[in-house]
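Read through the structure below, which is laid out as structure tokens, and then see the notes.
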Amino acid sequence: MASSYLTAIPFIILIVAYFTASHIRLSENPNDKLLPSIEKFGAAINRLAFEEDRRTGQYTLWVDTGASLARLGMGIGISTAIGLILGIAIGLIPYIRSTLAPLVAVISLIPPLAILPILFIIFGLGEVAKVVLIIIGITPFLIRDLSQRVMEIPIEQIVKAQTLGANSWQIITRLALPQVLPRLISAVRLSLGPAWLYLISSEAIAATAGMGYRIFLVRRYLAMDVIIPYVVWITVLAFLLDYLLRFISRRSFKWMGGEATTL
Amino acid sequence: MTEVSARHVSQSYGDNKVLENVNLDVGDKEFCAMFGASGCGKSTFLRILLSQEQPKGGEVFIDGEPIASEPGRDRGVVFQRYSVFSHLSVIENLILATEFDQAPMFGRLFGQKRKKAMESVEHMLEDVGLTAARNNYPMELSGGMQQRLAIAQALLRKPKILLLDEPFGALDPGTRANMHEILLKLWRDTSMTVFMVTHDLEEGFKLGTRLVVFDKTRWDPDFPNAYGATIVHDVSLDQSAESAEVKARIRDQLSQSQTRRPREEKDDEAN
Ligand SMILES: Nc1ncnc2c1ncn2[C@@H]1O[C@H](COP(=O)(O)OP(=O)(O)OP(=O)(O)O)[C@@H](O)[C@H]1O
Ligand SMILES: [Mg+2]
Chain E
1164 MASSYLTAIP
1174 FIILIVAYFT
1184 ASHIRLSENP
1194 NDKLLPSIEK
1204 FGAAINRLAF
1214 EEDRRTGQYT
1224 LWVDTGASLA
1234 RLGMGIGIST
1244 AIGLILGIAI
1254 GLIPYIRSTL
1264 APLVAVISLI
1274 PPLAILPILF
1284 IIFGLGEVAK
1294 VVLIIIGITP
1304 FLIRDLSQRV
1314 MEIPIEQIVK
1324 AQTLGANSWQ
1334 IITRLALPQV
1344 LPRLISAVRL
1354 SLGPAWLYLI
1364 SSEAIAATAG
1374 MGYRIFLVRR
1384 YLAMDVIIPY
1394 VVWITVLAFL
1404 LDYLLRFISR
1414 RSFKWMGGEA
1424 TTL
Chain G
418 MTEVSARHVS
428 QSYGDNKVLE
438 NVNLDVGDKE
448 FCAMFGASGC
458 GKSTFLRILL
468 SQEQPKGGEV
478 FIDGEPIASE
488 PGRDRGVVFQ
498 RYSVFSHLSV
508 IENLILATEF
518 DQAPMFGRLF
528 GQKRKKAMES
538 VEHMLEDVGL
548 TAARNNYPME
558 LSGGMQQRLA
568 IAQALLRKPK
578 ILLLDEPFGA
588 LDPGTRANMH
598 EILLKLWRDT
608 SMTVFMVTHD
618 LEEGFKLGTR
628 LVVFDKTRWD
638 PDFPNAYGAT
648 IVHDVSLDQS
658 AESAEVKARI
668 RDQLSQSQTR
678 RPREEKDDEA
688 N
């Protein structure tokens, strides 16, 4: 219990510091846009989240959230599937390892944002390019992390499974897959940060909705009263996603004892 | 009927000759205890019997047929470590073999079939004293319990041959004696041929019907890896005639081979 109070302290200090600074600036110049007051935030949030936009007839915040989460979900989902399949194949089958591992290693060195223009040229400015950017950005890491974990499975365990009558497919489904699932979840958790980065970046450059799009759109009007709530909202969503994954990992992998409950 | 014969088996890793011309015939229902100094190739020989690796020379036959090139259900194994599946509970470890048989696609049974599989391993749980721990995961078990689970898991498959690589090496003497009783009972109940590597002479004498000692017959202190080990003693023991003389001879052989070192090591000690 005491620790949850301790956790709250830095946040409270930050919030108090912000509004103190905001108050000082606004009392000097009421038109200052840099550190808006709590009332301005309230008005902006109300307008974006709870009132239909006069031009589009939509609730802006929710449309943006939906668009961004759909892209993020698709990107992470597809990356996870590819990472799991290739990670197990590379980790388990030496022939595939020697063929694919160097390619994955090289691809993982390409800075994904550098090829964003190429993606826009190939896939157009629609959804595909944004999802593909996330996939290219995080899949190589997932593949390498998971294949590493699969290679760490002691050879004795695989031999033991064979002596119990397992065929290759059963070795994958009953041994490799369950052994890498905890690692998969922690790898996806680590990938969430980069995934958000690629999402916001591609939305900033070309989109018609999305949280990154909105932030960069209103930047022109120095609309800090919109930008800051959006940033806080993104942070809350990122935290919830991370929390969800951690929760799943804790619930599902009792066999690992304390090991699955990492930060 | 299970007869295992090794014919001129040799193994080397690069320049390191490990086994050389190993010949062995082990008959039906024998319990073959294998001794030898550390690093002389006992585990290597077991891995060859298991088809975990192929010998560089020679061949192994089971009932006159060359052994399969991959590990399979005819040969069970208990390693010193990593023998049970850490992500499965005790009971899940035990029904795994049945699941592999009955669910070729995903190796997993559900509902009534799973329940039946669990019931069918109940007697084995009892035999190895793990009934109370049935739902625990291996990391919640002691070393002795894990090894009992590993043995039970291997035996449920009813292999023709059981290979044990220092299965009790990490256990205290009391637990070890307890494990011997369990193993002997299970061995008598089934009709397996057992190969067991051990460093404990008493253990070998107590359990084995056959004692085999590995050692190098030629030895060059400048090139310790130039010659491989082979079988230097091969004694049949009927349990009654546990002769002190055989024991003494084998003990002698083992202590000799353990004092042999490469030249540099000896020099180091002299300094
Ligand atoms: N996969 C391998 N690659 C290279 N060398 C190996 C390999 N496996 C074993 N060796 C070598 O073969 C020799 C015999 O090893 P092995 O494990 O069979 O000995 P051991 O008799 O079981 O010893 P211990 O009693 O310590 O278990 C050692 O010198 C070891 O370094
Ligand atoms: Mg060994």
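Line by line, the protein sequences give chains E and G. Here the first sequence is numbered in the working numbering, starting from 1164 and rising by one per residue. Here the second sequence is numbered in the working numbering, starting from 418 and rising by one per residue. Where is the CB? At the ideal position from N, CA and C, for every residue including glycine.
Can we count residue i as close to ligand 2, meaning its CB is less than 7 Å from some heavy atom?
i       : result
V614/G  : yes
K434/G  : no
D1308/E : no
D1405/E : no
D582/G  : yes
Report back the beta-carbon spacing between residue i and residue j to the nearest angstrom; my notes put them in contact at under 8 Å.
i       : j       : result
Y499/G  : P1317/E : 4 Å
I698/G  : R565/G  : No information on residue 698/G is available, as it lies outside the stretch 418 to 688 that chain G covers here.
E437/G  : S427/G  : 5 Å
L1235/E : L1362/E : 5 Å
G474/G  : A646/G  : At roughly 14 Å, the Cβ-Cβ gap does not stay under 8 Å, so G474/G and A646/G are not in contact.
P488/G  : L505/G  : The Cβ separation is near 19 Å, so there is no contact.
A1358/E : G1254/E : Their Cβ separation, rounded to whole angstroms, is 23 Å, which puts A1358/E and G1254/E out of contact at 8 Å.
A1350/E : L1309/E : 7 Å
T1228/E : M1374/E : 7 Å
I484/G  : V495/G  : With 8 Å as the limit, I484/G and V495/G do not qualify as a contact, their Cβ atoms being about 19 Å apart.
A1329/E : G524/G  : 7 Å
A1369/E : L1288/E : 4 Å
Out of the options, point me to the one whose CA is closest to residue i's CA.
i       : options                               : result
F448/G  : M418/G, L547/G, W604/G and P555/G     : W604/G
I479/G  : A643/G, Q529/G, R424/G and Y644/G     : R424/G
A391/G  : G528/G, S537/G, F496/G and Q529/G     : Because residue 391/G is not part of the residues shown, which for chain G are 418 to 688, the question remains open.
P521/G  : S1331/E, S1271/E and G1300/E          : S1331/E
L1266/E : L1282/E, G1289/E, I1299/E and R1312/E : I1299/E
I1306/E : L1380/E, S1412/E, I1241/E and A1372/E : I1241/E
S1225/E : D1216/E, A1212/E, M1237/E and R1217/E : Before going on, a small fix: residue 1225/E reads as Trp here, not Ser. Cα-wise, what sits closest to W1225/E is A1212/E.
E620/G  : H650/G, L581/G, I648/G and D442/G     : L581/G
A689/G  : V443/G, V630/G and E476/G             : No answer is possible for residue 689/G: it lies beyond the span of chain G, which begins at 418 and ends at 688.
T1243/E : L1288/E, L1353/E and G1328/E          : L1353/E
Q1143/E : Y644/G, A454/G, N510/G and V439/G     : This structure gives no information on residue 1143/E, because the portion of chain E shown stretches from 1164 to 1426.
T615/G  : M556/G, E470/G and K623/G             : K623/G
R627/G  : L463/G, D442/G, S429/G and Q570/G     : D442/G
L1355/E : V1399/E, I1334/E and P1392/E          : V1399/E
D617/G  : N642/G, L654/G and M451/G             : M451/G
S653/G  : G444/G, P638/G and G431/G             : G444/G
T1302/E : E1215/E, A1268/E and T1326/E          : A1268/E
L1338/E : R1409/E, Q1325/E, L1177/E and N1194/E : Q1325/E
P1341/E : A1350/E, F1304/E, S1271/E and S1415/E : S1415/E
I1156/E : R1382/E, L1249/E, E1191/E and F1304/E : Nothing can be reported for residue 1156/E, as the shown portion of chain E is limited to 1164 through 1426.
M394/G  : R531/G, F462/G, A571/G and N553/G     : As shown, chain G starts at 418 and ends at 688. That puts residue 394/G outside it, with no answer to give.
N553/G  : I508/G, I648/G, R593/G and R531/G     : I508/G
V663/G  : G528/G, S672/G, D518/G and H650/G     : H650/G
Assign residue i to one of two classes, buried (16 or more other C-beta atoms within 10 Å of its C-beta) or exposed (fewer than that).
i       : result
G1420/E : exposed
F502/G  : buried
L1197/E : exposed
S1231/E : buried
A687/G  : Note that A687/G scores a pLDDT of 44, beneath 50, so its modelled location is shaky and nothing firm can be said.
K683/G  : Because K683/G carries a pLDDT of 47, less than 50, the predicted location of this residue cannot be relied on, and no value is offered for it.
M596/G  : buried
R574/G  : buried
R1377/E : buried
K1417/E : exposed
T634/G  : exposed
A550/G  : buried
D685/G  : In this predicted model, D685/G has a pLDDT of only 49, less than 50, meaning its place in the structure is not dependable; the value taken from the coordinates is given anyway. Looking at its Cβ environment, which holds fewer than 16 other Cβ atoms inside 10 Å, D685/G is exposed.
K532/G  : exposed
Between residue i and ligand 1, is there a pair consisting of the residue's CB and a ligand heavy atom that are separated by less than 7 Å?
i       : result
S1242/E : no
Y499/G  : no
T461/G  : yes
C449/G  : no
S455/G  : yes
G458/G  : yes
Y644/G  : no
D430/G  : According to the sequence displayed, residue 430/G carries Tyr and not Asp. Yes.
Taking only beta-carbon atoms, is residue i less than 8 Å away from chain C?
i       : result
L1355/E : Absent from the structure is chain C; the protein chains it does hold are E and G.
To be precise: take each residue of the region 1329–1341 of chain E, compare its Cβ to all Cβ atoms of chain G, and keep it if any distance is under 8 Å. Which residues remain? Within the region 1329–1341 of chain E, the residues whose Cβ lies closer than 8 Å to some Cβ of chain G are A1329, N1330, W1332, Q1333, T1336, R1337, L1338 and P1341, listed in chain order.
Can you give me, in chain order, the residues of the region 1300–1316 of chain E that have a beta carbon less than 8 Å from any beta carbon in chain G? So nothing in the stretch comes that close.
Can you give me, in chain order, the residues of the region 1242–1264 of chain E that have a beta carbon less than 7 Å from any beta carbon in chain G? Residues of the region 1242–1264 of chain E whose Cβ lies closer than 7 Å to any Cβ of chain G: none.
Which residues of the region 569–596 of chain G have a Cβ closer than 8 Å to any Cβ of chain E? Give them in chain order. Legend: CB atoms of the region 569–596 of chain G lying less than 8 Å from CB atoms of chain E belong to residues Q570, A571, R574 and P576.
Note down, in chain order, all residues in the region 1178–1195 of chain E with a beta-carbon under 8 Å from any beta-carbon belonging to chain G. If the cut-off is 8 Å between Cβ atoms, the region 1178–1195 of chain E has nothing near chain G.
Give me the subset of the region 444–472 of chain G whose CB atoms are less than 8 Å from a CB atom of chain E, sorted by chain position. Cβ contacts with chain E come from L467 and Q469.
Chain E contacts from the region 528–543 of chain G (Cβ-Cβ distance under 8 Å): Residues passing the 8 Å Cβ filter: none.
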